Amino acid sequence: MGKPRVLIADDHKIVLEGLRSLLQSEFEIVGEVEDGRTLVSEAERLRPELVVADISMPNLNGIDAARQIKKINERIRIVFLTMHADVTYAAGAFEAGASGFVLKHSAPQELILAMHEAMQGKTYVTPMIAGDLIGAFQGDARLKGELRAGLSPRQREVLQLIAEGKSIKEIAATLRISTRTVEFHKYRIMEQLNIKTSAELVQYAVKHGIISL
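At the far end of the sequence shown sits residue 222, using the working numbering, and the numbering has no gaps.
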């Protein structure tokens, strides 16, 4: 049996190089990408068995990318490797279909363990937040409310690009929609979230893990 095929994603080249060095003895690295939108397209093209991805990536964050990948091919396993130790990020990751959640300052062998667990159809959560995550899903209504804030996948894409400082024209080109449609999405987002300014949109995106400063 050959090595499991893995696609890795992180917006820092040094991290990608480190991951390749760490993983290549046990896994076949089929590709490396630096943003979420490319991750989705390469996952569709390369059809890896496993994706290792950061959450904070430009153009499309890892969680929203995971949702799209799962729609393309639900058999692809996804393990997040992130610096975010906040339980909200972990909950969002698993809501999106992730199989693993590992922190970047964990021991390297923890990532490899999480990947093997994912390949066996299991779920891995770093012990540092496992207890908090279980508690959140059992009884934290506020967290569940934040995870289901009501924004559609397209609205979340538009929100991320706005928060990253993209112009309406740039967003339209990226998403292949009209500028009028982008304006409409922005209006609906602000109305739904009861937000009045673009600065508040950025604050919301940071708070909910859509972008990272």
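Glycine included, each C-beta is placed from N, C-alpha and C at the ideal position.
Bear in mind that the values here come from a model prediction, so they are computed numbers and not experimental data.
- Here E51 carries a helix assignment [DSSP, helix/strand/coil].
- Collapsing the DSSP output to three states places A94 in coil.
- Rounded to whole angstroms, the separation of the alpha carbons of A214 and R189 is 22 Å.
- CA-to-CA, the gap between V167 and V191 works out to about 7 Å.
- The C-beta distance from I87 to A123 rounds to 11 Å, too long to meet the 8 Å contact threshold.
- Non-local beta-carbon contacts of I177 in its own chain, meaning distances under 8 Å to residues more than five positions away in sequence, involve T188, V191, E192 and K195 in chain order.
- Here H21 is exposed, its C-beta having fewer than 16 other C-beta atoms within 10 Å.
- Taking C-alpha positions only, G101 is separated from E35 by approximately 28 Å.
- Judged by beta-carbon spacing, E43 lies beyond the 9 Å limit of L16, meaning their Cβ atoms are not closer than that value.
- In this structure V111 is not in contact with E104, their Cβ atoms being roughly 17 Å apart against a cut-off of 8 Å.
- Within the same chain, L69, N70, A214, I219 and I220 come within 7 Å of Q169 by CB-CB distance, once the 5 residues on both sides are set aside.
- In this structure, V96 sits away from A75, with a CB-CB distance that is not shorter than 9 Å.
- Spanning the alpha carbons of R197 and V24 requires a straight line of approximately 37 Å.
- Taking a C-beta distance under 9 Å as the contact criterion, E126 and G109 qualify as a contact pair.
- The shortest CA-to-CA distance from P162 to any of G174, E179, M66 and L184 is the one to L184.
- Relative to the Cα of Q33, the nearest Cα in the group K12, G45, F89 and L202 belongs to K12.
- Each residue's CA atom was taken as its position, placing I78 and K175 some 24 Å apart.
- Between the alpha carbons of R165 and H217 lies a distance of about 11 Å.
- Under the DSSP assignment, R56 falls outside any beta strand (DSSP E); it carries neither an H nor an E label.
- Within the same chain, Cβ atoms closer than 7 Å to the Cβ of Y98 are found at I64, T91 and G218, the five residues on either side in sequence being excluded.
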